[in-house]
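Structure first, then comments.
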Amino acid sequence: MEFNRILNADSDVCLKELLVEGIKFDLILTDPPYNLNKDFGNGSDSLPFPDFLELTKKRIELCRDLLTPTGSLVWFGIHNYIGFIQVIMYDAGLHYRRMNIWRYENGFSRTKTVPSAQYEPFLWFSKSAKTWTYNAEDMRVPYKSKERLKSPVFYNDKRGNKKEWTPNPNGALRGDIWEYPTLAGNRYKVERTDHPTQKPVSLFYDLLRAFCPKDSEGKYRGLVLDPFHGSGTLGVCCEMLNREGNSISWLGVELEKRWCDVAQTRLEKI
Ligand SMILES: C[S@@+](CC[C@H](N)C(=O)[O-])C[C@H]1O[C@@H](n2cnc3c(N)ncnc32)[C@H](O)[C@@H]1O
Numbered sequence: 011m012e013f014n015r016i017l018n019a020d021s022d023v024c025l026k027e028l029l030v031e032g033i034k035f036d037l038i039l040t041d042p043p044y045n046l047n048k049d050f051g052n053g054s055d056s057l058p059f060p061d062f063l064e065l066t067k068k069r070i071e072l073c074r075d076l077l078t079p080t081g082s083l084v085w086f087g088i089h090n091y092i093g094f095i096q097v098i099m100y101d102a103g104l105h106y107r108r109m110n111i112w113r114y115e116n117g118f119s120r121t122k123t124v125p126s127a128q129y130e131p132f133l134w135f136s137k138s139a140k141t142w143t144y145n146a147e148d149m150r151v152p153y154k155s156k157e158r159l160k161s162p163v164f165y166n167d168k169r170g171n172k173k174e175w176t177p178n179p180n181g182a183l184r185g186d187i188w189e190y191p192t193l194a195g196n197r198y199k200v201e202r203t204d205h206p207t208q209k210p211v212s213l214f215y216d217l218l219r220a221f222c223p224k225d226s227e228g229k230y231r232g233l234v235l236d237p238f239h240g241s242g243t244l245g246v247c248c249e250m251l252n253r254e255g256n257s258i259s260w261l262g263v264e265l266e267k268r269w270c271d272v273a274q275t276r277l278e279k280i
């Protein structure tokens, strides 16, 4: 199998073939249809709800079987249904690591009947209960309060000894709320394609840095799959990282030729 490319295929068929070939992925990072009736050109987002759940179960089980022993599955969803998907992942024998939130940095409200949703949840489950990849040091975020850093901060360690806390020059360890902009508005015109649910590069780029294994020189490596590749954000981010000296191998599967072409154009522009 050749990697670092887009496969114009149906994941419901192609994942089974990958399994037969014995290919295993270190990371499956994907943003599948949420069943919100978006028009991807194929009706895949408008299934009767029981069919959506049945198909999601089959897809998650295939993804589980395609992971390396230390691999992770990162699966985007929507607040309406994420609870069902979390149950499917537990039932599949995957191991819960975190329910994360992508909070829209530029979210706004259009409705007065309910609070607007300004986030999308994404679940992270690992294949193993004991070993997985999370590059915590690469994910540090700036400290919120600079005031706190001006005077010394003390704490008691496990033995009750008073210790002085010193700030990490790279910032604080990150939490599970990931604040990144959506591609709405003029500011993101250049990045945006016609795909109705394109994810921002800024978000996927950091998720790859968080969850890809690293080699002995600290470079990102591993084999990454996005079975619902859409406009190709995952492939674009892998190639951006590879141009910075990393060596991630990736595969993006997308049913619609139209979105494969959009993704290919994006790749050629990097
Ligand atoms: C939510 S979008 C992914 C968007 C993508 N993350 C991006 O940044 O552009 C889901 C994609 O899955 C595709 N899709 C739906 N069913 C599929 C299937 N069975 N196999 C492969 N792709 C499929 C849709 O055509 C759609 O482009």
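Count along the sequence shown from 1, add 10, and you get the number used in the working numbering.
Don't be surprised by glycine CBs; every beta carbon is placed ideally from N, CA and C.
Distance CB(residue i)-CB(residue j) smaller than 8 Å
i      : j      : result
Phe17  : Val246 : One detail in the question is off: residue 17 reads as Leu in this sequence, not Phe. No, these two residues do not count as a Cβ contact at 8 Å.
Arg107 : Trp142 : yes
Phe50  : Glu266 : yes
Tyr230 : Leu244 : no
Ser136 : Ser82  : yes
Ile111 : Asp186 : yes
Phe238 : Pro58  : no
Ser241 : His205 : yes
Phe164 : Lys154 : no
Gly103 : Arg150 : no
Gly195 : Asn256 : no
Asn145 : Ala220 : yes
Leu77  : Lys26  : no
Ser212 : Phe13  : no
Tyr91  : Arg113 : no
Lys209 : Asp41  : yes
Leu261 : Leu277 : no
Cys222 : Leu28  : no
Ile70  : Met109 : no
Leu217 : Leu39  : yes
Val97  : Thr203 : no
Residue i beta carbon near ligand 3 (any heavy atom closer than 7 Å)
i      : result
Pro125 : Inclusion of ligand 3 in the displayed structure is not the case, the ligand content consisting of ligand 1 alone.
Near ligand 1: residue i beta-carbon under 7 Å from a heavy atom
i      : result
Pro60  : no
Asp41  : yes
Ser56  : no
Lys267 : no
Val209 : Correcting the residue identity first, residue 209 is Lys in this sequence and not Val. At least one heavy atom of ligand 1 is nearer than 7 Å to the Cβ of Lys209, so yes.
Ser21  : yes
Thr243 : yes
Phe221 : no
Asn52  : yes
Gly240 : yes
Glu31  : no
His89  : no
Glu174 : no
Val263 : yes
Pro191 : no
Pro131 : no
Pro237 : yes
His105 : no
Helix, strand or coil at residue i according to DSSP, with G and I counted as helix
i      : result
Pro60  : helix
Pro94  : Rather than Pro, the amino acid found at residue 94 in this sequence is Phe. Helix.
Arg231 : coil
Lys224 : strand
Phe214 : helix
Leu39  : strand
Asp22  : helix
Leu29  : helix
Leu17  : strand
Every unbroken alpha helix (DSSP H) inside the segment 65-137 [4 residues or more]: Correct list: 92-101.
Return the chain-ordered ranges of every beta strand (DSSP E) run that is complete within the segment 145-209 and spans a minimum of 3 residues. Annotation note: the segment 145-209 contains the following uninterrupted beta strand (DSSP E) runs of length 3 or greater, listed N- to C-terminal: 163-166, 172-175 and 187-190.
Please list the segments of the beta strand (DSSP E) lying wholly inside the segment 253-277, counting only runs of 3 or more residues, in order along the chain. Taking 3 residues as the minimum length, the beta strand (DSSP E) runs contained wholly in the segment 253-277 are 259-264, in order along the chain.
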